[in-house]
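*Asks:* Using numbering that gives the first Met the number 0, the first residue of the sequence shown is number 0, and each one after it goes up by one.
Beta carbons: idealized from backbone N, C-alpha and C, even for Gly.
Note that this is a predicted model, so its numbers are computed, not measured.
Attaching a single structure in structure tokens format; questions to follow.
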Amino acid sequence: MTRTHWLFGDQLGPAFLGAGDGEGPSREAPVVMIESRAVFRRRRFHRAKAHLILSAMRHRAAELGDRVTYVRADTYREGLAAVGRGPVTVHHPTSRAALALVRSLDDVTVLPPRGFLVGQDDFRAWADGQRGLRMESFYRHVRRDHDLLMDGGSPAGGTWNLDHENREPPPRGRRTLGAPAPYKPRESDVDEEVRHDLDRWERDGDVSFVGRDGPRRFPASRREARTALKRFLSERLEGFGAHEDAMLAGDGVMSHSLLSSSLNLGLLDPAECVESAEAAWRAGEAPLNSVEGFVRQVAGWREYVWHLYWYFGEDYRSSNELGHTAALPDWWNELDADAVSARCLATVLRQVRDTGWTHHIPRLMVLGSHALQRGWDPAAVTDWFHRCFVDGYDWVMLPNVVGMSQYADGGRMTTKPYTSGGAYIDRMSDLCGPCRYRPDRRVGEDACPFTAGYWNFLHRHRGTLEHNARISRAVHGLDRLKDLSALLDQERERGEGPP
Ligand code: SF4
């Protein structure tokens, strides 16, 4: 009997409908897709993200034509019941909640995950053999195992890690990096229908969103995602590496690939992304530092985060080693960038409000760093990143925020907390110049909230952090601050209002 195959909204590429390895649905299998309203009711998503997901699902359904039964239902359970089905297959979903759901249903067979380079057994075998889990060592394992950027048994170019070439500040005196513009999709009738439906949901008072919607900036179909990948490889990859950690107020995308949402919707497979980037280097079309930086993001970090989500177990979600419990303030929840004076934070929050995306450094060193310094509840911060970013999913944000950004796991994922004073932001951006605060001021009217917040954070957690070799020098720097007590008074008086 041919079994119906169920596609979740982040399983939209060809790999989820038969990769030809005997572990997928048959080529003739009828398909069911379920648009669950309850998913959008449970969390207050960025509207551009809700739009992208629904648009991508509906574009996929249109491609599949008569093969698919597309159900609009309140819950997945109701949607599946409405299909009047026999046995169903589904590829391993990407969240623990969805996995528990499919496992609880009768006659549903869960097939292996798709959309990642490394299998779960392979990761477990690697991780169980490590004394401490570190991305760099996992990344080298993936490079070797998948023969990525390798020359025989050695890394291409003789070194695994070209990070030191990829931490350049932005070019001086330039408002933009000058990279060719990224691919921009053209909206279709499907987008108009989605926008109309989202308006109706909001009018009904059923669902509420945050942020601005449109025009759609990220691919919603395989064809669009392939075009975006090709455009990145041929026009933008070359200049990606050197300034990948830099920020420019007038150029939020710089040379970044903007492919994370396409990868996480399943529209692109990571193998095709990294293999074609390597091919570009071998053809002399892109320098090694750019290609290695991109391969590290996709085959290293993305795979690492996916596997840690499962490997660390469900309890990881409630990690809170630093005991941070403050609620997120309203201006943050509402993405009210106009209420913020700190230029770096206002610029980044505005980009999130308007697009649902900003690159990894504003996420880590502006948004995440501010949340960490203010002592906000890491679970709430994780949820915020999940809801407000077009590429955010439970598996993406849990390790990235709990582990990397908020150090709530006490160092299981990273060796130190990632936060800094204004000096780092000043070095890596053009944001500080016109700001009303000064990056080198800790105390007073023009004290930079990141600089004051940094020292306050180190002081609050001195007992924990002074034993960490990677940050203990900075912690001992507290002893040299003559204005520490004024700084602490200032930070105590600072409310939860926008800086
Ligand atoms: Fe941000 Fe401080 Fe620089 Fe202003 S001075 S942009 S608040 S780092």
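Please name the residue, chosen from V193, N319, G355 and V109, that lies closest to F217 on a Cα-to-Cα basis.
*Replies:* Walking along the sequence shown from the start, residue 217 turns up at place 218. Checking every option, the nearest Cα to that of F217 belongs to G355.
*Asks:* Just the residues with CB closer than 5 angstroms to a heavy atom of ligand 1, in chain order, which are they?
*Replies:* Per the Cβ criterion, the list is A341, R342, C343, G421, I424, L430, C431, C434, Y436, P438, C447 and F449.
*Asks:* Can you list the alpha helix (DSSP H) stretches of 4 or more residues lying completely in the segment 297-356, in chain order?
*Replies:* Listed in chain order, the complete alpha helix (DSSP H) runs (minimum 4 residues) inside the segment 297-356 are 302-310, 329-332 and 342-354.
*Asks:* Can you give the Cα-Cα distance for S404 and G85, rounded to whole angstroms?
*Replies:* Within the sequence shown, the letter at position 405 stands for residue 404. Within the sequence shown, the letter at position 86 stands for residue 85. C-alpha separation (whole angstroms): 44 angstroms.
*Asks:* For R342 versus P398, is the C-beta spacing smaller than 8 angstroms?
*Replies:* The residue you call residue 342 lines up with position 343 of the sequence shown. The residue you call residue 398 lines up with position 399 of the sequence shown. No, the pair does not count as a contact, with Cβ atoms beyond the cut-off.
*Asks:* Could you check the C-alpha separation between Y315 and S94 for me, to the nearest Å?
*Replies:* Along the sequence shown, read from residue 1 onward, the residue named residue 315 stands at position 316. Along the sequence shown, read from residue 1 onward, the residue named residue 94 stands at position 95. Cα to Cα, the separation comes out at about 14 angstroms.
*Asks:* Just checking my contact of A510 with S35 at CB under 8 angstroms: how many whole Å lie between their CB atoms?
*Replies:* A query on residue 510 cannot be resolved here, the shown segment of the chain reaching from 0 to 498 and no further.
*Asks:* Quick check for students: name the residue ranges of the alpha helix (DSSP H) that lie wholly in the segment 205-286, counting only runs of 4 or more.
*Replies:* Listed in chain order, the complete alpha helix (DSSP H) runs (minimum 4 residues) inside the segment 205-286 are 221-230, 259-263 and 269-281.
*Asks:* Compute the beta-carbon to beta-carbon distance between L371 and Y406, rounded to the nearest angstrom, for a pair I have assumed lies under 8 angstroms.
*Replies:* Here residue 371 refers to the residue found at position 372 when the sequence shown is read from its first residue. Here residue 406 refers to the residue found at position 407 when the sequence shown is read from its first residue. Yes, L371 and Y406 are in contact; Cβ-Cβ is about 7 angstroms, under 8 angstroms.
*Asks:* Pull up the CB-CB distance for L51 and A219, whole angstroms please, since I reckon it's below 8 angstroms.
*Replies:* Numbered from its first residue, the sequence shown carries residue 51 at position 52. Numbered from its first residue, the sequence shown carries residue 219 at position 220. 6 angstroms between Cβ atoms; contact.
*Asks:* Counting C-beta neighbours from all protein chains within 10 Å, is the total for R102 16 or more, i.e. buried, or is it exposed?
*Replies:* By 1-based counting over the sequence shown, the position of residue 102 is 103. Result: exposed.
*Asks:* By Cβ distance, which residues of its chain are closer than 7 angstroms to R352, with the 5 residues on each side in sequence left out?
*Replies:* Here residue 352 refers to the residue found at position 353 when the sequence shown is read from its first residue. Counting only Cβ-Cβ distances below 7 angstroms, and skipping sequence neighbours, we find G210, R211, L334 and A336.
*Asks:* Going by CA-CA distance only, name the one from R469, L487, H4 and F39 that's closest to H458.
*Replies:* Here residue 458 is taken as the residue at index 459 of the sequence shown, counted from 1. Of the candidates R469, L487, H4 and F39, the one whose C-alpha sits nearest the C-alpha of H458 is L487.
*Asks:* Going by the DSSP bridge assignment, what does I33 pair with across the sheet?
*Replies:* In the sequence shown, residue 33 corresponds to position 34, counting from 1. Paired residue(s): V70.
*Asks:* CA-CA distance, R166 and E284?
*Replies:* The residue labelled residue 166 in the question sits at position 167 within the sequence shown. The residue labelled residue 284 in the question sits at position 285 within the sequence shown. Distance between the alpha carbons of R166 and E284: 21 angstroms.
*Asks:* Return the CA-CA distance between E192 and L98, expressed in angstroms with no decimal places.
*Replies:* Against the sequence shown, residue 192 aligns to sequence position 193. Against the sequence shown, residue 98 aligns to sequence position 99. Cα to Cα, E192 sits roughly 30 angstroms from L98.
*Asks:* Using the three-state DSSP reduction, which class does P398 fall into: helix, strand or coil?
*Replies:* Counted from its first residue, the sequence shown places residue 398 at position 399. Helix.
*Asks:* Taking the straight line between their C-alpha atoms, what separation do you get for G292 and T1?
*Replies:* Taking the first residue of the sequence shown as 1, we reach residue 292 at position 293. Taking the first residue of the sequence shown as 1, we reach residue 1 at position 2. C-alpha separation (whole angstroms): 44 angstroms.
*Asks:* Straight-line CA distance for Y69 to R472?
*Replies:* Residue 69 sits at position 70 when you count from the first residue of the sequence shown. Residue 472 sits at position 473 when you count from the first residue of the sequence shown. Going from the Cα of Y69 to the Cα of R472 covers about 58 angstroms.
*Asks:* To the nearest angstrom, how far is the alpha carbon of P13 from that of L266?
*Replies:* As a position in the sequence shown, residue 13 is number 14, starting the count at 1. As a position in the sequence shown, residue 266 is number 267, starting the count at 1. Approximately 8 angstroms between the Cα atoms of the pair.
*Asks:* Look up D144 in the DSSP assignment and give the residues it is bridged to.
*Replies:* For the purposes of this step, residue 144 is identified with residue 145 of the sequence shown, where counting begins at 1. The partner list for D144 (beta bridge, DSSP) is empty, contrary to what the question assumes.
*Asks:* Taking the alpha helix (DSSP H) that W454 belongs to, which residues open and close that run?
*Replies:* Looking up residue 454 in the sequence shown gives position 455. Counting along the chain, the alpha helix (DSSP H) containing W454 begins and ends at P448 to R459.
*Asks:* Assign S261 to buried or exposed, taking buried as 16 or more other Cβ atoms, counted over all protein chains shown, within 10 Å of its Cβ.
*Replies:* Position 262 of the sequence shown, counted from the start, is the residue given in the question as residue 261. Per the 10 Å Cβ criterion, buried.
*Asks:* Quick one: is G452 buried, meaning 16 or more other Cβ sit within 10 Å of its Cβ, or exposed?
*Replies:* Your numbering for residue 452 matches position 453 in the sequence shown. So G452 ends up on the buried side.
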